[in-house]
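Trainee: Letter 149 of the sequence shown, counting from 1, is numbered 155 in the numbering used here, and no numbers are missing. The beta carbon of each residue, even a glycine, is placed where N, CA and C say it ideally should be.
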Amino acid sequence: MLLSRVLAVFSAVALTLSSSSIVFGQDESDAAAGPLTINWDDLLPDGEMEELARLYALSTAATNVDHFGAQSEQIGTFNVVEELIGETVRLPGFVLPLDAQIAGEVTEFLFVPYVGACVHMPPPPPNQIVYVLADRPIMIERIWEPIWAIGLLTSDQTHSGLGSTAYTLELTEVESYEY
Numbered sequence: 007m008l009l010s011r012v013l014a015v016f017s018a019v020a021l022t023l024s025s026s027s028i029v030f031g032q033d034e035s036d037a038a039a040g041p042l043t044i045n046w047d048d049l050l051p052d053g054e055m056e057e058l059a060r061l062y063a064l065s066t067a068a069t070n071v072d073h074f075g076a077q078s079e080q081i082g083t084f085n086v087v088e089e090l091i092g093e094t095v096r097l098p099g100f101v102l103p104l105d106a107q108i109a110g111e112v113t114e115f116l117f118v119p120y121v122g123a124c125v126h127m128p129p130p131p132p133n134q135i136v137y138v139l140a141d142r143p144i145m146i147e148r149i150w151e152p153i154w155a156i157g158l159l160t161s162d163q164t165h166s167g168l169g170s171t172a173y174t175l176e177l178t179e180v181e182s183y184e185y
């Protein structure tokens, strides 16, 4: 039951936050036009949704939800889409600050596909969480509002108490997300 809810959330988020889909093999004139706009489904290699379903079916985390603060087991893989590594991308999502600073400024955060990820549900798979590092602080007034994160995507893995990530984004710009 939880597996179907989690998969439904991933699908709904991809549809809700996606304004376009990835097009591989951009030539240099396309790259000059700006960052490659992607959605969360684009971060999943071929066959990854089936693998995720298999892993959830094998896990006790599918039935073990703790609404009182304990972190649920993270399920998934660190498999990445190699064609995206080294690309400047634009991805919509939600901020989970790792270094809350004065007045809402953040330089380090997890970027997730849906609001509330990593709180009391199992965290998204590692290849559905992006670790983001900014050279200078950005202002996050309301973490429940989506933003566009723009920057260089790498396959550097990170691990925190909120979840592990398969991707890292070197943030260069943030844009408001308009519904």
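Would you mind working out which of Y62, W46, P51 sits nearest P128, comparing C-alpha positions?
Mentor: Y62
Trainee: Work out the CA separation of E147 and D47 for me, nearest whole Å.
Mentor: 27 Å
Trainee: Whole-angstrom Cβ separation of V138 and A155, contact assumed at under 8 Å?
Mentor: 6 Å
Trainee: What's the gap between the Cα of I108 and the Cα of A39?
Mentor: 35 Å
Trainee: Starting from the C-beta of V95, find all residues in its chain whose C-beta is less than 6 Å away, skip the five residues before and the five after it, and write them out in chain order.
Mentor: P41, L42, I44, L159
Trainee: Taking the beta carbon of Y185 as the centre, do at least 16 other beta carbons fall within 10 Å, making it buried, or is it exposed?
Mentor: An exposed status is given to Y185, since fewer than 16 other beta-carbon atoms sit within 10 Å of its beta-carbon.
Trainee: Tell me whether A39 sits in a helix, a strand or coil according to DSSP, three-state version.
Mentor: coil
Trainee: Buried or exposed: which applies to E34, given that a residue is buried once 16 or more other Cβ atoms fall within 10 Å of its Cβ?
Mentor: Caution applies to E34, whose pLDDT of 47 falls short of 50 and renders its modelled position unreliable; the value that the coordinates give is listed next. Under this definition E34 is an exposed residue.
Trainee: Going by Cα to Cα distance, which pick from D105, S170, L97 is closest to E179?
Mentor: L97
Trainee: Just to confirm the assignment, what range does the beta strand (DSSP E) spanning R96 have?
Mentor: From DSSP, the beta strand (DSSP E) with R96 extends over 94–103.
Trainee: Mind checking which residues open and close the beta strand (DSSP E) that includes R60?
Mentor: Note, R60: premise wrong, no beta strand (DSSP E); alpha helix (DSSP H) at 54–64.
Trainee: Kindly indicate the opening and closing residues of the beta strand (DSSP E) around P132.
Mentor: Note, P132: premise wrong, no beta strand (DSSP E); not H, not E.
Trainee: Can you tell me the Cα-Cα spacing of E5 and Y173, whole angstroms?
Mentor: Because the chain is modelled from 7 through 185, residue 5 falls outside the range shown and cannot be assessed.
Trainee: If I measure Cβ to Cβ from P152 and keep anything under 7 Å in the same chain, skipping five residues before and after, which residues do I get?
Mentor: L23, P98, G99, F100, Y183
Trainee: Which ranges does the beta strand (DSSP E) cover as unbroken runs of at least 3 residues, wholly within the segment 139–172, from first to last along the chain?
Mentor: 153–160, 164–166, 169–171
Trainee: Distance, Cα to Cα, E89 vs E54?
Mentor: Here the alpha carbons of E54 and E89 stand approximately 15 Å from one another.
Trainee: How many angstroms separate the CA atom of I135 from the CA atom of D141?
Mentor: 20 Å
Trainee: Going by beta-carbon coordinates alone, are S161 and V112 separated by less than 7 Å?
Mentor: With respect to V112, S161 sits apart: the two C-beta atoms are not nearer than 7 Å.
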